[in-house]
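> Okay, here's the structure, questions in a sec.
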């Protein structure tokens, strides 16, 4: 695995991880050496500032203040022996220089720093605090409330003998309160304001933890494990990681579905908040939440849940729901392409719909397994996206020609790949040879009518040449007629020739580009219909061939 850009089983995505995510479950605040006047330091402070934009609170309330007053409860609190610090001669500098006095070396884990380059065992994807329960956590764990007294080191520096650790999602719990206290300093005095701000924070954090804490805690395990795998020398599959995490947490498909729903509910709540009051902290929190939502989605895919079924399960029908639609949170292009294929491209099937052809989910699933298909559907998706415009003025160049160039070339590639698979056992079959010769060759091994169409394509190939630069590039093709042919056969015959003609045009000419580039271009529309009809025609041929060979059902 070991890559931030990769093709997951059923997933194409890029995910950026930081080394701080290795500590997602235990982000410390550097309490021993923290500046009492600063809101929050350490890894948790960085997370709050960088990921959520929380750098200070009203009235200069600090995170330690929030903990001391019971507004927030750390994931872990440890109380360390003073002699650990006093025997640290060059405190707080690293590497540590020890005095001759003995000290409990394991106490040094309070500031655990992973040497990721030396990690190569899958068991090490677990944070040490989750593994060393008896050796470190239970030995030094402390309960709140706890007053941290400042001690003086022999070198004159002051320190506090302990540390607070927060899970990253506790920062999101704090973020849920920020919009409620943003302007409190304008209305209340210091004494009244501090009290009221803490009450609001405590109430918001408690509500957040009650509603989402369990779900996000489960995400924190997976987030930690994946981050460790990304930066270490561990070479593990997603299944390996899920299996290892199973030793520490109980998760199944049903639990993850419920977690996904909860996170989508939170996403909708926060999105509405941003739309209504424009809270920048919550807006940044949405990106953290988007990643968490994806990580739950990813685990479900590893469990074998069909990705499209998840998108459909969390999509609105006629009415909206309490949760955000999954495809609006996880911008998974495969799903967008699928919907585009079924809804938009199906509009180009009006001539072949009465003949039983169309762009549906089963056809998309079949095409998605063919090499070259995704560039084809991406090009047409991009074409339609570029054509959308609801403004007053636009100065962008049309991209219709650009997209049609890709689509026409990729139509040929998809055809070749479908035929390569379906006719691989045919003697003297050259899948990479001249396309018209390929079509003529397979003509004897398919249905009589379809075979006649393909053989005739070869004999009429001159109609696809544009050496004379005709004003209407399809005019010669449209003039061809066969009295004994059915309407269906004539339609597909001309569609295939028009596809070949379009491919030839885009490979060798540019004199009709201006006409193609018009948003109201009938030429572009006819070309698109021909490309779609041609692929559907060859899909039906190959599906019949494969079905007969395997004895399966038709797609």
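In the numbering used here, the protein residues as written are 7 to 561.
For glycine and all other residues, C-beta sits at the position ideal for the given N, C-alpha and C.
For clarity, every value in this text was computed on a predicted model and none was experimentally measured.
#1: Classify residue 302 as helix, strand or coil using the three-state DSSP reduction.
#2: Would you kindly report the start and end of the unbroken alpha helix (DSSP H) that includes residue 457?
#3: Residue 147: buried (16+ other C-beta within 10 angstroms of its C-beta) or exposed?
#4: Is it the case that the Cβ atoms of residue 483 and residue 504 are separated by a distance below 8 Å?
#5: So, under 8 Å CB-CB, residue 321 and residue 332 are touching, yes? Tell me the CB distance rounded to an integer number of Å.
#6: If the criterion is Cβ atoms closer than 8 Å, does the pair residue 53 and residue 244 meet it?
#7: So, residue 218 versus residue 272, is the Cβ gap smaller than 8 Å?
#8: Using the Cα positions of residue 78 and residue 279, report the straight-line distance between them to the nearest angstrom.
#9: For the pair the stretch 410-417 and the stretch 357-372, tell me if three or more CB-CB distances fall below 8 Å.
#10: Do residue 203 and residue 64 have their CB atoms nearer than 8 Å?
#11: Around the C-beta of residue 270, are 16 or more other C-beta atoms found within 10 angstroms, so that it is buried, or is it exposed?
#12: Note down, one range per segment and in chain order, each beta strand (DSSP E) of at least 3 residues found wholly within the stretch 137-194.
#13: Looking at the unbroken beta strand (DSSP E) that takes in residue 82, where does it start and where does it end?
#14: Tell me the start and end of each unbroken beta strand (DSSP E) in the stretch 351-400 that is at least 3 residues and wholly inside, in chain order.
#15: Compute the beta-carbon to beta-carbon distance between residue 49 and residue 23, rounded to the nearest angstrom, for a pair I have assumed lies under 8 Å.
#16: Quick one: residues in its chain with C-beta nearer than 6 Å to the C-beta of residue 411, no 5 flanking neighbours on either side, listed in chain order?
#17: To the nearest angstrom, report how far apart residue 8 and residue 237 are at their CA atoms.
#18: By how many angstroms is the C-alpha of residue 392 removed from the C-alpha of residue 459?
#19: Mapping DSSP to helix, strand and coil, what is residue 34?
#20: Compute the beta-carbon to beta-carbon distance between residue 285 and residue 185, rounded to the nearest angstrom, for a pair I have assumed lies under 8 Å.
#21: Exposed or buried, what is residue 150 when buried is set at 16 or more other beta-carbons lying within 10 Å of its beta-carbon?
#22: Which class does residue 329 belong to by DSSP, given the choice of helix, strand or coil?
In terms of the structure at hand:
#1: The three-state secondary structure of residue 302, taken from DSSP, is helix.
#2: Boundaries of the alpha helix (DSSP H) around residue 457: 454-465.
#3: Burial call: exposed.
#4: Yes, they are a contact pair.
#5: Yes, residue 321 and residue 332 are in contact; Cβ-Cβ is about 7 Å, under 8 Å.
#6: Cβ atoms of residue 53 and residue 244: not closer than 8 Å.
#7: Taking 8 Å as the Cβ cut-off, residue 218 and residue 272 qualify as a contacting pair.
#8: Taken atom to atom, the span from the alpha-carbon of residue 78 to that of residue 279 is near 23 Å.
#9: Under the three-pair Cβ rule at 8 Å, the stretch 410-417 does not count as touching the stretch 357-372.
#10: Yes. Within cutoff.
#11: Result: buried.
#12: Listed in chain order, they are 156-158, 164-166, 168-172.
#13: For residue 82, the enclosing beta strand (DSSP E) starts and ends at 82-85.
#14: DSSP runs (the beta strand (DSSP E)) wholly in the stretch 351-400: none.
#15: The pair is not a contact, with the Cβ atoms about 14 Å apart (cut-off 8 Å).
#16: Non-local beta-carbon contacts of residue 411 in its own chain, meaning distances under 6 Å to residues more than five positions away in sequence, involve 512 in chain order.
#17: Residue confidence for residue 8 is low, a pLDDT of 47 falling below 50, so the modelled location carries little weight; the figure read from the coordinates is stated next. It is roughly 7 Å from the alpha-carbon of residue 8 to the alpha-carbon of residue 237.
#18: In this structure, the straight-line span from the alpha carbon of residue 459 to that of residue 392 is close to 35 Å.
#19: In the structure shown, residue 34 sits in a strand (DSSP, three-state: E or B).
#20: Between residue 285 and residue 185 a beta carbon distance of about 4 Å is seen, short of the 8 Å cut, so the two are scored as contacting.
#21: Answer is exposed; the Cβ neighbour count stays below 16.
#22: It is coil, neither helix nor strand.
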